[in-house]
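Undergrad: The structure under discussion is supplied below as structure tokens; questions concerning it will follow.
Protein chains: 4
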Amino acid sequence: MARTAEPGRRDAILDAAHTVFARKGYTAASIADLAGELGIGHGTVYRYFGNKRDVASAVLDRALARIAEVVAAELPDATGTLAEYRAQVWRIGHRLYELFAADPALGRLVFFDLATVDDDLRGRHREALDRFADFTAAYLRNGVDRGFLRPDLDVEVTARVVNGMVFEGAAQVARDPAALELRDAWIRAVVTLMFDGLAAPTP
Amino acid sequence: MARTAEPGRRDAILDAAHTVFARKGYTAASIADLAGELGIGHGTVYRYFGNKRDVASAVLDRALARIAEVVAAELPDATGTLAEYRAQVWRIGHRLYELFAADPALGRLVFFDLATVDDDLRGRHREALDRFADFTAAYLRNGVDRGFLRPDLDVEVTARVVNGMVFEGAAQVARDPAALELRDAWIRAVVTLMFDGLAAPTP
Amino acid sequence: MARTAEPGRRDAILDAAHTVFARKGYTAASIADLAGELGIGHGTVYRYFGNKRDVASAVLDRALARIAEVVAAELPDATGTLAEYRAQVWRIGHRLYELFAADPALGRLVFFDLATVDDDLRGRHREALDRFADFTAAYLRNGVDRGFLRPDLDVEVTARVVNGMVFEGAAQVARDPAALELRDAWIRAVVTLMFDGLAAPTP
Amino acid sequence: MARTAEPGRRDAILDAAHTVFARKGYTAASIADLAGELGIGHGTVYRYFGNKRDVASAVLDRALARIAEVVAAELPDATGTLAEYRAQVWRIGHRLYELFAADPALGRLVFFDLATVDDDLRGRHREALDRFADFTAAYLRNGVDRGFLRPDLDVEVTARVVNGMVFEGAAQVARDPAALELRDAWIRAVVTLMFDGLAAPTP
DNA sequence: AATGAATGAGATTTCATTCAT
DNA sequence: AATGAATGAAATCTCATTCAT
Numbered sequence: 001m002a003r004t005a006e007p008g009r010r011d012a013i014l015d016a017a018h019t020v021f022a023r024k025g026y027t028a029a030s031i032a033d034l035a036g037e038l039g040i041g042h043g044t045v046y047r048y049f050g051n052k053r054d055v056a057s058a059v060l061d062r063a064l065a066r067i068a069e070v071v072a073a074e075l076p077d078a079t080g081t082l083a084e085y086r087a088q089v090w091r092i093g094h095r096l097y098e099l100f101a102a103d104p105a106l107g108r109l110v111f112f113d114l115a116t117v118d119d120d121l122r123g124r125h126r127e128a129l130d131r132f133a134d135f136t137a138a139y140l141r142n143g144v145d146r147g148f149l150r151p152d153l154d155v156e157v158t159a160r161v162v163n164g165m166v167f168e169g170a171a172q173v174a175r176d177p178a179a180l181e182l183r184d185a186w187i188r189a190v191v192t193l194m195f196d197g198l199a200a201p202t203p
Numbered sequence: 001m002a003r004t005a006e007p008g009r010r011d012a013i014l015d016a017a018h019t020v021f022a023r024k025g026y027t028a029a030s031i032a033d034l035a036g037e038l039g040i041g042h043g044t045v046y047r048y049f050g051n052k053r054d055v056a057s058a059v060l061d062r063a064l065a066r067i068a069e070v071v072a073a074e075l076p077d078a079t080g081t082l083a084e085y086r087a088q089v090w091r092i093g094h095r096l097y098e099l100f101a102a103d104p105a106l107g108r109l110v111f112f113d114l115a116t117v118d119d120d121l122r123g124r125h126r127e128a129l130d131r132f133a134d135f136t137a138a139y140l141r142n143g144v145d146r147g148f149l150r151p152d153l154d155v156e157v158t159a160r161v162v163n164g165m166v167f168e169g170a171a172q173v174a175r176d177p178a179a180l181e182l183r184d185a186w187i188r189a190v191v192t193l194m195f196d197g198l199a200a201p202t203p
Numbered sequence: 001m002a003r004t005a006e007p008g009r010r011d012a013i014l015d016a017a018h019t020v021f022a023r024k025g026y027t028a029a030s031i032a033d034l035a036g037e038l039g040i041g042h043g044t045v046y047r048y049f050g051n052k053r054d055v056a057s058a059v060l061d062r063a064l065a066r067i068a069e070v071v072a073a074e075l076p077d078a079t080g081t082l083a084e085y086r087a088q089v090w091r092i093g094h095r096l097y098e099l100f101a102a103d104p105a106l107g108r109l110v111f112f113d114l115a116t117v118d119d120d121l122r123g124r125h126r127e128a129l130d131r132f133a134d135f136t137a138a139y140l141r142n143g144v145d146r147g148f149l150r151p152d153l154d155v156e157v158t159a160r161v162v163n164g165m166v167f168e169g170a171a172q173v174a175r176d177p178a179a180l181e182l183r184d185a186w187i188r189a190v191v192t193l194m195f196d197g198l199a200a201p202t203p
Numbered sequence: 001m002a003r004t005a006e007p008g009r010r011d012a013i014l015d016a017a018h019t020v021f022a023r024k025g026y027t028a029a030s031i032a033d034l035a036g037e038l039g040i041g042h043g044t045v046y047r048y049f050g051n052k053r054d055v056a057s058a059v060l061d062r063a064l065a066r067i068a069e070v071v072a073a074e075l076p077d078a079t080g081t082l083a084e085y086r087a088q089v090w091r092i093g094h095r096l097y098e099l100f101a102a103d104p105a106l107g108r109l110v111f112f113d114l115a116t117v118d119d120d121l122r123g124r125h126r127e128a129l130d131r132f133a134d135f136t137a138a139y140l141r142n143g144v145d146r147g148f149l150r151p152d153l154d155v156e157v158t159a160r161v162v163n164g165m166v167f168e169g170a171a172q173v174a175r176d177p178a179a180l181e182l183r184d185a186w187i188r189a190v191v192t193l194m195f196d197g198l199a200a201p202t203p
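Residue numbers (UniProt numbering), protein chains in the order written: chain A, 1 to 203; chain B, 1 to 203; chain C, 1 to 203; chain D, 1 to 203.
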């Protein structure tokens, strides 16, 4: 039998790539940087991935999957009232922010760097955002069906608008880790805007 | 009196850079691509810019300035009622979307590519977003002061949240030009969310 | 008693190398290709050969030996008349062509690829051709001695010239397997040239 | 105007490539070797050739053209008698040998190295040999038509056989420059074989 | 002022070779 | 004995930058 293969080697490389791509950007990061981060020979990377783009592809997939996991943790049709839905948005917002707080590189990778590597990755990125929009749309549609959201809501577009608000928080953090402090304020602002609106309450 | 030979030359280079960077991405675009787009020798670029990064820097500045122009076209304290503010948001949204529709490259440059060139550009990008947030915050604060926006609004954060919604539209278009069709629906969704909220009207 | 584990293994590797070197060329063929052809681990090759060059060396030796076998099958002094010698050349020619027909890779290896690996192999190749020339020279010298070949023949050089004709047939096949069809025509042309000459018979 | 282009730069690179490829073999020779031979930066090579293979292609073309020049210098139908043809073969043989003597690398490149770079070059090489065979065939056909060569000659195949003899001389030199001494003996042996045959003259 | 020939740093990728298992 | 994971030397190629003209 050969020298035993390091079992988590492939994942370790992806972890290192995640870090290094986020730190230097995809193009500026070299395979040697990757390998150096791990303390392995750079040729080793090529035992697990055909080329640099394939590494990026796998990193993006993992990153998107991690986000999808959070988004999909709740059921779209689990809420029957506005108050329940509001609570649900709180929970999802919290978890997402937690995710981006725990791994600030995630936002940088997903919302800036890896989405522009090539047409294929651009496509996969767009598809993922579409899927996230579909999730949000399902929540909204449930609310409209049950009567606690306004019937004239443009469900598809509003879903994207809402996601824009939410992911902008992640982008903030990606741009400036100091934005992490905004976590609670951000979620509160989003929820307030969505459910209470901007207008002053009429007495 | 102009120091450089041809005063229009520098701008022409920036125009070409804007186009080429948006088409191929900053790193993939070469100085030769840039000069080729203009039909000038690539050595000439170095008479107007110290290096490639400086070109990117100037392109980003111009792009941000173009956005700032639109945002700053309205006066934050020009509105005294909710209806007026609503109309103002409509106008600003329309003009921004018009800008990104007229030049879809703009979004790609500002929201993806040039912001990740290096720390300095990253910083300038962040500052610009901060400035835009300040603008929006000024509008919101005016509304709170005049009493037509809710007094407990977290003005700073909400400004960023609102900008997130708006700029997400631009990012959509940058990712997929087909999203241009969403223009009116997008603005309507943003305005509805801000002013009418998600909740079904109580009878 | 064999020192190596499996006595046939070494030969199997040489067979595979023969095939793969002929297919892809020495430099383009990797040790992994070689092992893959056999279905063994590529590390195993190094249990039987010190390095890639040693494999080439052994392949070349075997190939040259295979040719030598054919050339040496006849006895140089077995013929006493021109007609007998002519028949002998026919036989040798046929057998050589049969060899190159049965294994078209042989020509590619001997006449192109392996002879240029390094100075040592280049030398061994030259030596082998010298030995083949010596064989042919022995046939010619026998003919001169017995009086049925012209006495003023430059035996050494003519031997090389004759071999040139013969091996050129092999090189043809190595360059283009379709040349195999020429087999009989080729041998007839060589024999005619050698024994009948180009000139029209005088009446 | 730019720094004036070295006028013979492209040719100088081909000369250096000719030398270096012949010395180390195509694959073992690096672009850096090439550039080093000339004392220029290796990047400069890429201003004149798209890649290494293109350099090889141009070197092969030049080498084949140089041989073709010699072969085509005589007219196939210029001879009316066996004696004239014999003299012509002498002349062509001499010139070819002169060529290979003046540039021993030529044989190595044409008959060994560059012909195996890839399928395209292999094809071009084969075509060139075919063209050379066509030349020789034209000479032979002329002789047959005029009646001084035997009417039953297989013109096509004999042309290749004859070329085999001739080019084998070049290959000799390519393998071992010492073979240059054989020049006159070689030509005499070829001519004798072609026109006098091997057989002892009958009294 | 404008040019583009020249350069070499640096990136990706391949693969012969080693060696722990 | 056999394996194949790991390695890094070395090769090809790109391109930002310089600078003679």
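Glycine included, each C-beta is placed from N, C-alpha and C at the ideal position.
State the Cα-Cα distance for the pair R141 of chain A and E74 of chain A, rounded to the nearest angstrom.
TA: 15 Å
Undergrad: Indicate whether the contact test is met: 3 or more Cβ pairs, each with one atom in the region 126-134 of chain B and one in the region 159-178 of chain B, closer than 8 Å.
TA: Judged by Cβ distances under 8 Å, the region 126-134 of chain B makes contact with the region 159-178 of chain B, as three or more pairs qualify.
Undergrad: Report all residues from its chain with a CB closer than 7 Å to the CB of V144 of chain C; omit the five preceding and five following residues, and keep chain order.
TA: Closer than 7 Å at Cβ, skipping near neighbours: P151, L153 and V155.
Undergrad: Kindly indicate if chain D contains any beta-carbon less than 9 Å away from that of H94 of chain C.
TA: For H94 of chain C, not one C-beta of chain D is nearer than 9 Å to its own C-beta.
Undergrad: Rounded to the nearest angstrom, what separates A56 of chain B and E127 of chain B at their Cα positions?
TA: 16 Å
Undergrad: Does any C-beta atom of chain A lie closer than 9 Å to the C-beta of T4 of chain B?
TA: Here T4 of chain B scores only 47 on pLDDT, less than 50, and its place in the model should not be relied on; the value that follows carries that caveat. False, the Cβ-Cβ gap to chain A never drops below 9 Å.
Undergrad: Taking only beta-carbon atoms, is A171 of chain B less than 9 Å away from chain A?
TA: yes
Undergrad: Can you list, in chain order, the residues of its chain with a C-beta nearer than 7 Å to that of Y26 of chain B? Leave out the 5 residues immediately preceding and following it.
TA: Hits under 7 Å: A56, D113, L114 and V117.
Undergrad: With a threshold of 16 other CB atoms inside 10 Å of the CB of R91 of chain C, please say whether the residue is buried or exposed.
TA: So R91 of chain C ends up on the exposed side.
Undergrad: At a CB distance below 7 Å, what residues from the region 71-101 of chain B approach chain A? Give them in sequence order.
TA: L82
Undergrad: Report the rounded CA-to-CA distance for M1 of chain C versus H18 of chain A, giving the unit in angstroms.
TA: Residue placement at M1 of chain C cannot be trusted, given a pLDDT of 38 that sits under 50; what the coordinates show is reported in the next sentence. Approximately 56 Å between the Cα atoms of the pair.
Undergrad: Is it buried or exposed for R23 of chain B, if we count other Cβ within 10 angstroms and need 16 for buried?
TA: exposed
Undergrad: Go through its chain and collect everything with a Cβ distance to I31 of chain A's Cβ below 7 Å, but skip five positions before and after it.
TA: Taking I31 of chain A as the centre and dropping the five residues before and after it, the same chain places the C-beta of H42, V45 and K52 closer than 7 Å to its C-beta, in chain order.
Undergrad: Taking V190 of chain B as the reference, give the member of A:A83, A:V173, A:A170 and A:G197 with the closest Cα.
TA: A:G197
Undergrad: So, for G8 of chain B: in the same chain, excluding its five sequence neighbours on each side, which residues have a beta-carbon less than 8 Å away from its beta-carbon?
TA: Sequence-distant Cβ neighbours of G8 of chain B in its own chain, meaning closer than 8 Å and more than five residues away, do not exist here.
Undergrad: Just to confirm before moving on: does the CB-CB distance between A138 of chain C and P76 of chain C stay below 9 Å?
TA: yes
Undergrad: Is D134 of chain A close to chain B? Criterion is C-beta to C-beta, closer than 9 Å.
TA: Residue contact with chain B for D134 of chain A: absent (no Cβ-Cβ distance below 9 Å to any residue of chain B).
Undergrad: To which residues of the same chain is A101 of chain D closer than 6 Å at the C-beta, ignoring the five residues directly before and after it?
TA: L180
Undergrad: What residues of chain D sit near T27 of chain C, judged by a beta carbon separation below 7 Å?
TA: Simply T27.
Undergrad: Are the beta-carbon atoms of A174 of chain A and V157 of chain B separated by less than 9 Å?
TA: Not in contact: A174 of chain A and V157 of chain B (Cβ atoms no closer than 9 Å).
Undergrad: Looking at chain A, is there any beta carbon in it that lies within less than 9 Å of the beta carbon of V55 of chain B?
TA: Cβ-Cβ to chain A under 9 Å: no for V55 of chain B.
Undergrad: Chain A beta carbons: is any one of them nearer than 9 Å to that of A185 of chain B?
TA: yes
Undergrad: What does A68 of chain C pair with, by DSSP beta-bridge criteria?
TA: In DSSP, A68 of chain C forms no bridge with anything.
Undergrad: I'd like the list of long-range same chain contacts for V70 of chain D, defined as Cβ closer than 6 Å, with 5 residues on each side in sequence excluded.
TA: R95, L96 and L99
Undergrad: Roughly how many angstroms lie between the CA atoms of R122 of chain D and E37 of chain A, to the nearest whole one?
TA: Rounded to whole angstroms, R122 of chain D to E37 of chain A spans 45 Å at the Cα level.
Undergrad: Assign A199 of chain A to one of three DSSP states: helix, strand, or coil.
TA: strand
Undergrad: Runs of 4 residues minimum, wholly inside the UniProt DNA-binding region "H-T-H motif" (30-49) of chain A: which ones carry the alpha helix (DSSP H) assignment?
TA: List check, alpha helix (DSSP H) in window: 31-38 and 42-48.
Undergrad: If I measure Cβ to Cβ from Q172 of chain D and keep anything under 6 Å in the same chain, skipping five residues before and after, which residues do I get?
TA: A179
Undergrad: What are the partner residues of L149 of chain A, as DSSP defines its beta bridges?
TA: B:A199
Undergrad: Any beta carbon from chain A within less than 9 Å of D154 of chain B's own beta carbon?
TA: yes
Undergrad: For R108 of chain D, count neighbouring C-beta atoms within 10 Å of its own C-beta (all shown protein chains included) and say buried if the count is 16 or more, exposed if not.
TA: Burial call: buried.
Undergrad: At a CB-CB cut-off below 8 Å, which residues of chain D make contact with E168 of chain C?
TA: R160, V161, N163, G164, M165, F167 and E168
Undergrad: Using 9 Å as the limit for Cβ to Cβ distance, is A199 of chain D near chain C?
TA: yes
Undergrad: Take D15 of chain C and list the residues in its own chain whose beta-carbon comes closer than 6 Å to its own, dropping the five residues that flank it on each side.
TA: Nothing meets the Cβ criterion.
Undergrad: For E74 of chain A, which of helix, strand or coil comes out of DSSP?
TA: coil
Undergrad: So, with DSSP's three-state summary, where would you put L136 of chain D?
TA: Correcting the residue identity first, residue 136 of chain D is Thr in this sequence and not Leu. Three-state result, T136 of chain D: helix.
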